[in-house]
Amino acid sequence: MHSILPILITLLAAFIASAAQYVLKRHIERFGKGMRGMLSVLMKRGILMGLGLYALSLAVYLLALRSAPLSVAYPVFATTFVFVALFSRFRLGEKIGVQRALGIGLVFAGILIVAITY
Numbered sequence: 020m021h022s023i024l025p026i027l028i029t030l031l032a033a034f035i036a037s038a039a040q041y042v043l044k045r046h047i048e049r050f051g052k053g054m055r056g057m058l059s060v061l062m063k064r065g066i067l068m069g070l071g072l073y074a075l076s077l078a079v080y081l082l083a084l085r086s087a088p089l090s091v092a093y094p095v096f097a098t099t100f101v102f103v104a105l106f107s108r109f110r111l112g113e114k115i116g117v118q119r120a121l122g123i124g125l126v127f128a129g130i131l132i133v134a135i136t137y
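First residue of the sequence shown? That's 20 in my numbering, and the numbers climb one at a time after it.
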């Protein structure tokens, strides 16, 4: 039996990446449109924080890749879909309809199948 630690590390990386998405979404809506607006946004604290979270997520994910097969780690990293949906619902107030909830549930079920067969 393989260690559960690489799965947990991958889940942590996915959670951090999802937090990065949430931070970027919260801060990108405050800026103007077009190329000038997008370039000015790159130096804003909230955006830099989101990018930093992405970098941290990558570092944590690379730790997981050291000890887990890519065919396990990458599907488990897809929990970002689940985490982003939760952030969207509970932090951004976005609605999640029945069809979307079913889709997220199917993604989660697939991830569980991959993780338990490791």
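C-beta atoms are modelled at their ideal positions from N, C-alpha and C, and glycine is treated no differently.
### Task
Please work out which residues of its chain come closer than 6 Å, Cβ to Cβ, to F127, disregarding the five sequence neighbours upstream and downstream, and give them in chain order.
V101
### Nonlocal neighbours in the same chain, by C-beta distance under 8 Å from M20, ignoring five residues either side
Legend: pLDDT at M20 = 49, less than 50; position of this residue unreliable, no value from coordinates given.
### Task
Within the same chain, show all residues whose beta-carbon is closer than 7 Å to that of A39, passing over the 5 residues directly before and after it, in chain order.
G69, L72, Y73, S76
### Query
Between the C-alpha atoms of V133 and I23, what's the straight-line distance to the nearest angstrom?
12 Å
### Query
Whose C-alpha, out of V42, I47, T136, is nearest the C-alpha of P94?
T136
#### Entry: Residue of I47, L131, A83 minimising C-alpha distance to K63
I47
### Task
Please work out which residues of its chain come closer than 6 Å, Cβ to Cβ, to L61, disregarding the five sequence neighbours upstream and downstream, and give them in chain order.
none
### Query
Taking DSSP as the reference, what is the three-state secondary structure of A134?
helix
### Query
Do you know whose CA, among R119, R55, R108, A33, lies nearest Y80's CA?
A33
### Task
State the start and end residues of the unbroken alpha helix (DSSP H) segment that holds L68.
This sequence places Met at residue 68; Leu is not what is there. Unbroken alpha helix (DSSP H) run through M68: 64-86.
### Message
Would A92 and A83 be called neighbours here (beta carbons separated by less than 8 Å)?
### Response
yes
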